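Participant:
Protein chains: 2
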Amino acid sequence: MSKGITKRSEDYSQWYIDIVLKAELADYSPVKGCMVIRPNGYGIWENIQKNLDRMFKETGHVNAYFPLLIPESFLKKEAEHVEGFAPECAVVTHGGGKPLEEPLVIRPTSETIIWATYKDWISSYRDLPLLINQWANVCRWEMRTRLFLRTTEFLWQEGHTAHASYEEAEEETLRMIRVYQRFAEDYLAMPVIVGRKTESEKFAGAVHTYCIEALMQDGKSLQAGTSHNLGQNFAKAFDVKFQDKDKELKYVYATSWGVSTRLIGGMIMTHSDDQGLVIPPKLAPLPVVIVPIWRSDEEQQKVSEFARNITRDWDPLFYKIDDRDQYKPGYKFNEWELKGVPLRIEIGPRDIQNQQVVLVRRDTAEKITLGIDNLKEQVQNTLVDIQNNLFKKAKERTEANTFTVDSYDEYKERIEKGGFFRVFLDHTNPEVEQRLKEETKSTIRCIPFEAPEEEGPCMITGKPCKYRVIAGQAY
Amino acid sequence: MSKGITKRSEDYSQWYIDIVLKAELADYSPVKGCMVIRPNGYGIWENIQKNLDRMFKETGHVNAYFPLLIPESFLKKEAEHVEGFAPECAVVTHGGGKPLEEPLVIRPTSETIIWATYKDWISSYRDLPLLINQWANVCRWEMRTRLFLRTTEFLWQEGHTAHASYEEAEEETLRMIRVYQRFAEDYLAMPVIVGRKTESEKFAGAVHTYCIEALMQDGKSLQAGTSHNLGQNFAKAFDVKFQDKDKELKYVYATSWGVSTRLIGGMIMTHSDDQGLVIPPKLAPLPVVIVPIWRSDEEQQKVSEFARNITRDWDPLFYKIDDRDQYKPGYKFNEWELKGVPLRIEIGPRDIQNQQVVLVRRDTAEKITLGIDNLKEQVQNTLVDIQNNLFKKAKERTEANTFTVDSYDEYKERIEKGGFFRVFLDHTNPEVEQRLKEETKSTIRCIPFEAPEEEGPCMITGKPCKYRVIAGQAY
């Protein structure tokens, strides 16, 4: 079986598309810019949903569902918001065979429809906080699309919370960006930098935006999740007030936060290799595949029986025995490697004699011969090892590609090769960001939370700065 | 607390809306015909999803996701399909600030976009069967809407399978209508009649449609789920062929099947009463609420501690201790009754002395005093009892309201009072259905699978029939 995957070193973009298409994660759709998420890809999304949803519920949130269609006038109620989103909207002008009185947009994000609804639900401090999340599809008309990373329609979750004070809203904004960090690191095995977006990069309508940024194998940054403190902007736009304990009427404070199917793109570009997809075990729809090896019908019967015996008490969703007889073992190895199954177990006739099996790790290609006693536990331990190793490798790569640079000339020279750049840049000056973008196609990815205090001159204007920001080219 | 719920006997429609709004299951939205599903309602939908999804996976299906937007031309490729759905479509004419070359419709159902995609995925009998399900939102422009029962946008799942033969497709169509029956009866505690739709009531584009029909408390039928054998109609429309084992190229056979958030409406109208919502325990987001009762601060501390002690090893998602001190116990009882929590546990100071608690069943209002030994098990047993009792009561009501009628005059007289009517009707004659609709506002709900062979004259035309159909007025 020829996998037909372009090498990363030859053409990284093509490699990415090859992985997505050949591992059958997603497919192009007849509608420009939209994608079909195939079962292999959707299975990963289901695991992302399941685990994130649990983390949301553990932090006190409940799910709800708000309408897909939003009156166009709603978008216009928050000045920055409409400027940011109106140009990206898909607009419904006809329904039931007739022109509509007012056009409806397909939600590009749901702040407006949700705050129009919260107005009816909130009247007293007793109604707060309101901690709601929604799993939904959204549409943003994109010029240049790429499967999972940027598509016209995508799946996501969007949290929308309402609070009695700025401090509570800020606490929530921080809590959720930390939930995203934990999820990215513990499940996607993807190390991230947590920080604040600059004014020009923040969400349209937010007071400020926090983000997690990850470094892909080609040295480009990926914004993987954002959490916005919306202050009273949407409460004012939709006139949502509450009577506080002091009997005064006040505008409600808001947050919103989201991650999307883009995370699957980030996962692919963090771990996969020239052999195909690599999925962290915690998110793998199929963690283990067992490939019995035989030369005769008699052997086939024996190895298959052995495979069934040793997996008798395993959860059926945890593994699959690949006993298809139209394919040779080598073909199967290739296929499961391509599809990113974290652990392969090979069983040949001699293994029955020795009461053993051979484990092959997807992350290292290491072969491990194991006796069948305690096999389930050993397999589970190996999966934990793989999960940890993937994170470790990604962390090391990220650190090795995080550079501290002080001169703009050096930056311009090195930026093309990729990486996170720790630099002094006056992010309060929009012209600095403008020049950076034009001259280097890069942006300030974030002002990291964990930046040590450090003084130095902005590498573009020379103005004194008190900390370094993270800059780089991004998806 | 005045619940403000209209009595069923006064105004059944208003009672239904009162339940939905006051139990905070859903709310009207600013967009006509669309609804907001509130956390209390969405929690029920999450439980429906979780259990149905498991049943789909147990029958070999996987999930995927296809685009929301469908080129208008796709709809036109299947003649009956476009006739059925085009008048109901919401149409996107602009995207990214520009008019689109071809208008896109928001999926009213996904056969067309899915079969356009299956064309690329299927070439050999080895690719079959293809067993895919999708959880999604759809839009159908409706004139008269009612929360959960008929809304412009609703949430649903739609299975779309591809098979090598008509027989396999038929087997799948039957399998899935039986899955729906099992789900309706075992989880929603809603007895259903399973049968086939008449030609005029079948899905637009299907060879035939199977359905489950339930009888609501007002005597109206609710179509609660459908499963369609699509034959080769969509394969022909989208040119999807496979090479069979005999090397011949053949068109693929298809099925599709779906249930929606309408099930929540069915659940409400099957079990709820003048006191409020009744949720079957298996689908209740909150199965148990504990209300401690106190008169002094000292008592409050003691009963709360007792409540925490007896629930120490309970799953936190299974129960809630309502120790809000701004409300009296009577207010809380009313609130949880209204919201349909299946079981309330009351704990007063004297109960601590006696090491006992009082259980109050939502379905019967029965009070049961229980010692605290083995409490968890006894609570679980009571929930099983409640689930069974709800089904039994609904089954008895359905049977008591299923009438065998032979004369059209009698039918016309009784139809207004509601019920399932077992009647002889020549369903092969469209004029019969037309007259039935015009003269009695009723329809043939289905040709039941389990109808005994029985001969008699069509009550409208007198033509001999070989079995009775089920007729009635429907939502």
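Taken in order, these protein sequences are the chains called A and B. Sequential numbering from 1 applies to the first sequence in the numbering used here. Sequential numbering from 1 applies to the second sequence in the numbering used here. Cβ atoms here follow ideal geometry from the backbone N, Cα and C, with glycine treated the same way. Given the structure is predicted, the values throughout are model-derived calculations rather than measurements.
Reducing DSSP to helix, strand and coil, say where Ser282 of chain B ends up.
Facilitator: The sequence as given places Lys at residue 282 of chain B; Ser does not occur at that position. Three-state result, Lys282 of chain B: helix.
Participant: Just the chain B side, please: which residues come within less than 8 Å of Ser29 of chain A by C-beta, in chain order?
Facilitator: Phe66, Pro67, Ile113, Thr117
Participant: Does the contact criterion of 3 or more C-beta pairs under 8 Å hold for the stretch 255 to 263 of chain A versus the stretch 150 to 163 of chain A?
Facilitator: Yes, they touch.
Participant: Could you give the first and the last residue of the continuous alpha helix (DSSP H) run that contains Ile113 of chain A?
Facilitator: 111 to 121
Participant: Helix, strand or coil, according to DSSP, for His81 of chain B in the structure here?
Facilitator: helix
Participant: Would you call Ala400 of chain B buried or exposed, if buried means 16 or more other Cβ atoms sit within 10 Å of its Cβ?
Facilitator: exposed
Participant: Leaving out five residues on either side along the sequence, give the residues of the same chain with a beta carbon under 6 Å from the beta carbon of Ala471 of chain A.
Facilitator: Phe421, Val423, Ser442, Ile444
Participant: For Gly340 of chain B and Ile279 of chain B, I'd like the C-alpha separation in whole angstroms.
Facilitator: Gly340 of chain B and Ile279 of chain B: Cα-Cα distance of roughly 5 Å.
Participant: For my contact list, Asn51 of chain A and Tyr187 of chain A are in at a C-beta cut-off of 8 Å; report their separation, rounded to the angstrom.
Facilitator: 6 Å
Participant: Assuming contact is defined by CB atoms lying nearer than 7 Å, are Glu72 of chain A and Pro108 of chain A in contact in what I supplied?
Facilitator: no
Participant: Is Tyr12 of chain B helix, strand or coil when you go by DSSP?
Facilitator: helix
Participant: My parser needs the beta strand (DSSP E) runs of 3 or more residues fully inside the stretch 233 to 270 of chain B; what are they?
Facilitator: DSSP runs (the beta strand (DSSP E)) wholly in the stretch 233 to 270 of chain B: 241 to 243, 249 to 251, 253 to 260.
Participant: Go ahead and pull the three-state DSSP assignment for Ile372 of chain B.
Facilitator: coil
Participant: Quick one: which chain D residues come within Cβ less than 9 Å of Val289 of chain A?
Facilitator: This model lacks chain D altogether; the protein chains it does include are A and B.
Participant: Exposed or buried, Tyr327 of chain A, counting other C-beta atoms within 10 Å across all chains shown (16 or more means buried)?
Facilitator: exposed
Participant: Kindly indicate if chain B contains any beta-carbon less than 7 Å away from that of Val92 of chain A.
Facilitator: yes
Participant: Are the C-beta of Gly330 of chain A and some C-beta of chain B separated by less than 7 Å?
Facilitator: Taking Cβ atoms only, chain B never reaches closer than 7 Å to Gly330 of chain A, which makes this a no.
Participant: What residues in its chain sit with their C-beta under 7 Å from that of Asn149 of chain A, if we drop five residues either side in the sequence?
Facilitator: Just to set this straight, residue 149 of chain A is Leu in the shown sequence, not Asn. If we look at Leu149 of chain A and ignore the five residues flanking it on each side, its Cβ neighbours are Arg262, Gly265, Tyr475.
Participant: Measure how close the beta-carbons of Val240 of chain B and Lys76 of chain B come, nearest whole angstrom, since I'm counting them as under 8 Å.
Facilitator: Rounded, the Cβ-Cβ distance is 17 Å, inconsistent with contact.
Participant: Mind pulling the chain A residues with CB within less than 9 Å of Tyr125 of chain B?
Facilitator: Under the 9 Å cutoff, chain A gives no residues; its nearest Cβ is about 12 Å from Tyr125 of chain B.
Participant: Measure from the alpha carbon of Met459 of chain B to the alpha carbon of each residue in B:Asp315, B:Leu436, B:Leu425, then state which is nearest.
Facilitator: The shortest Cα separation from Met459 of chain B among B:Asp315, B:Leu436, B:Leu425 belongs to B:Leu425.
Participant: Does DSSP classify Ile478 of chain B as helix, strand or coil?
Facilitator: The first residue shown for chain B is 1 and the last is 475, placing residue 478 of chain B beyond what the model contains.
Participant: Can you tell me where the beta strand (DSSP E) with Lys331 of chain B in it begins and where it stops?
Facilitator: This sequence places Tyr at residue 331 of chain B; Lys is not what is there. Here Tyr331 of chain B belongs to no beta strand (DSSP E); instead the alpha helix (DSSP H) covers 329 to 338.
Participant: Just checking, does the stretch 85 to 99 of chain B make contact with the stretch 41 to 61 of chain A on the three C-beta pairs under 8 Å criterion?
Facilitator: no
Participant: Run through chain B and tell me which residues come within less than 7 Å of Tyr42 of chain A, C-beta to C-beta.
Facilitator: Asn63, Ala64, Tyr65
Participant: Roughly how many whole angstroms lie between the Cα atoms of Glu450 of chain A and Glu438 of chain A?
Facilitator: 28 Å
Participant: Between Asn229 of chain B and Asn133 of chain B, is the Cβ-Cβ spacing less than 7 Å?
Facilitator: no
Participant: In chain B, which residues lie less than 7 Å from Trp141 of chain A when you measure between Cβ atoms?
Facilitator: Under the 7 Å cutoff, chain B gives Gly95, Gly96.
Participant: Is the beta carbon of Gln243 of chain A less than 7 Å from the beta carbon of Ser165 of chain A?
Facilitator: no
Participant: DSSP three-state label for Glu24 of chain B, please.
Facilitator: coil
Participant: So what does DSSP say about Ser221 of chain A, is it helix, strand or coil?
Facilitator: strand
Participant: Leaving out five residues before and five after Phe234 of chain B in sequence, what residues of the same chain have Cβ atoms less than 7 Å from its Cβ?
Facilitator: Glu78, Glu111, Trp115, Gly205, Ala254
Participant: Going straight from the alpha carbon of Leu343 of chain B to that of Asp273 of chain B, what length do you get?
Facilitator: 15 Å
Participant: Out of A:Leu436, A:Lys412, A:Glu431, A:Asp406, point me to the one whose CA is closest to Pro457 of chain A's CA.
Facilitator: Relative to the Cα of Pro457 of chain A, the nearest Cα in the group A:Leu436, A:Lys412, A:Glu431, A:Asp406 belongs to A:Asp406.
Participant: For Ile113 of chain A and Ile70 of chain A, which I take to be in contact (beta-carbon distance under 8 Å), what is that distance rounded to the nearest angstrom?
Facilitator: The pair is a contact, with the Cβ atoms about 5 Å apart (cut-off 8 Å).
Participant: Taking 7 Å as the cut-off, decide whether the C-beta atoms of His427 of chain A and Val469 of chain A are in contact.
Facilitator: yes
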